[in-house]
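Report on one structure; see the data block that follows.
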Amino acid sequence: MHLIDKARLDNEDLILISFKKAWDQDDIKELADLVFSKIKSHRIIEHVTGADREYIRFNYHDDYLILHFESYSNACWIEAEDQLPSKHLKQLSTVLQA
Numbered sequence: 006m007h008l009i010d011k012a013r014l015d016n017e018d019l020i021l022i023s024f025k026k027a028w029d030q031d032d033i034k035e036l037a038d039l040v041f042s043k044i045k046s047h048r049i050i051e052h053v054t055g056a057d058r059e060y061i062r063f064n065y066h067d068d069y070l071i072l073h074f075e076s077y078s079n080a081c082w083i084e085a086e087d088q089l090p091s092k093h094l095k096q097l098s099t100v101l102q103a
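As numbered in my numbering, residues 6 to 103 make up the sequence shown, in order.
Okay, structure coming up:
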């Protein structure tokens, strides 16, 4: 079972998420479910799978955000779809850390 280790707001424009143990692409569904279980009032718009990356576009209140997974480097982050600072990212980083 995976758990979130840290969720840190970086430069006000993305949330870096780390997990307590290493993961690979086969774990992404479980990791995404874990992240979204903490984010109330979200709506998933699209899930795109690539060779070593997956991303999930979602709506949270009036923001359009993207949850990214990059399996080679075990990187996970959330950013605004337009890559600009989002008013909800600070709130989400706190929610994910809880």
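Even for Gly, the Cβ is constructed at its ideal location relative to N, Cα and C. This structure is a prediction, so every number in the text was calculated from the model and none was measured.
query	result
Going by other Cβ atoms of all chains shown within 10 Å of its Cβ, with 16 needed for buried, is V40 buried or exposed?	buried
In the DSSP assignment, what residue or residues form a beta bridge with V53?	Y60
So what does D15 bridge to, in DSSP terms?	L19
Is the beta carbon of N79 closer than 7 Å to that of W27?	The sequence shown places Ala at residue 27, not Trp. Contact flag set, yes.
For V100 versus K43, is the C-beta distance shorter than 7 Å?	yes
Enumerate in chain order the residues of its own chain whose CB-to-CB distance from V53 is below 6 Å, with the five nearest sequence positions on each side excluded.	Y60
Three-state secondary structure (DSSP) at L36?	helix
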